[in-house]
Amino acid sequence: MGGIAWTEEEDNLLKKCIRQYGEGKWHRVPLLAGLKRCRKSCRLRWLNYLRPNIKRGQFSHEEVDLIIKLHRLLGNRWSLIAGRLPGRTANDVKNYWNCHLSKKLNAQETEQNNKNDGNMVNVTRPQPRNIEKSCSRRPCFKPPEDAGSTSTPVPCIEQSQIYLEDNGYHTWNEEYGAVGGFSTNIQFEQVREEDETNGKWDLDDFILDLDLWNDSF
DNA sequence: AACCGTATCAACCGCATGGCT
DNA sequence: TAGCCATGCGGTTGATACGGT
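Counted from 1, the first sequence has number 111 at position 111 by UniProt numbering; the numbering is strictly sequential.
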């Protein structure tokens with residue numbers, strides 16, 4: 001292993017400390033737990049190993065499929081990918097990708113390229129999304145009523161203010177009632193402060209929902 | 001049995017980001 | 001506004017396990 005392996009005693013001290021004081025405040029954890037480890041090590045050990053509900057063992061086919069899909073959409077954003085796989089850590093996903101999938105997929109791609117040979121296909125890599133600082137809440141996302149149809153999902157934001165970056169500024173509802181062609185670079189200028197239930201909103205989740213939705217058809 | 005190459009994965013490192021003063 | 005500090009993340013390292021020769 002890279003670095004000094006954690007002992008059972010250290011694990012117990014860390015677990016006890018987290019149980020007592022909760023997560024966060026990692027700079028205090030080594031002192032509170034009585035560990036001779038830096039805060040980063042403590043955090044990593046907890047997140048990747050000691051946290052409850054961590055799933056161990058083989059990745060299922062469903063998980064592997066999802067990882068591949070998500071990686072196609074997000075690139076190496078392991079924490080986001082892991083967030084979609086209950087019980088899996090970013091480190092797990094990253095290791096699995098590096099050990100299993102990257103080689104496998106590279107081989108497949110090379111094979112595919114050889115087959116296509118001259119029939120080049122341009123693949124658009126995930127583009128960075130420009131997010132305004134003011135955008136700090138999650139617009140709730142609901143699938144269309146007719147779940148069986150192939151229509152795209154519609155964010156349930158009244159008077160939403162989502163703008164297409166390359167087309168000047170347009171209001172979503174006024175001019176883009178549906179989300180067709182959503183793979184373009186999109187800027188969320190401001191979102192109505194509506195969804196108070198979760199408090200913290202990750203915009204990437206929302207965009208990912210849309211991308212996954214489109215991808216599934 | 002000894003050696004070697006490869007796979008696996010826990011741990012570390014460095015950087016980016018955000019909050020606070 | 002600048003500087004400092006804590007946190008989080010992705011990349012990388014290196015010890016161990018395991019299979020093949």
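Glycine included, every Cβ here is placed at the ideal spot set by N, Cα and C.
(Q) Which residue marks the beginning of the alpha helix (DSSP H) containing P30, and which one marks its end? (A) V29 to A33
Q) By DSSP, does E10 sit in helix, in strand, or in coil? A) helix
Q | Burial state of S41 (16 or more Cβ within 10 Å) | A | With 16 or more Cβ atoms within 10 Å of its Cβ, S41 is classed as buried.
**Q.** Residue ranges of each alpha helix (DSSP H) within the UniProt domain "HTH myb-type" (51–105), 4 or longer
**A.** 61–74, 78–83 and 90–96
Q.
Here's the rule: buried if 16 or more other CB atoms are within 10 angstroms of the residue's CB, otherwise exposed. What is I18?
A. Buried, by the Cβ-count rule.
Q | Closest by C-alpha distance to G34, when choosing among R84, W26, L74 and L13 | A | L13
Q: For Y96, count neighbouring Cβ atoms within 10 angstroms of its own Cβ and tell me buried if that reaches 16, exposed if not.
A: Buried, because 16 or more other Cβ atoms sit within 10 Å of the Cβ of Y96.
Q.
Taking 6 Å as the limit between beta carbons, can you name the residues of its chain near G83, skipping five residues before and five after?
A. Nothing meets the Cβ criterion.
Q: Specify the secondary structure class of C38 as computed by DSSP and reduced to three states.
A: coil
Q | Sequence-distant residues of its chain with Cβ nearer than 6 Å to N91 (five each side left out) | A | Within the same chain, N91 has close Cβ partners N48.
Q) Rounded to a whole number of angstroms, what is the C-alpha to C-alpha distance between T7 and W46? A) 13 Å
Q. Of all the options K104, Q20, V29 and R56, which has the alpha carbon lying nearest to the alpha carbon of D65?
A. Nearest C-alpha to D65 among K104, Q20, V29 and R56: K104.
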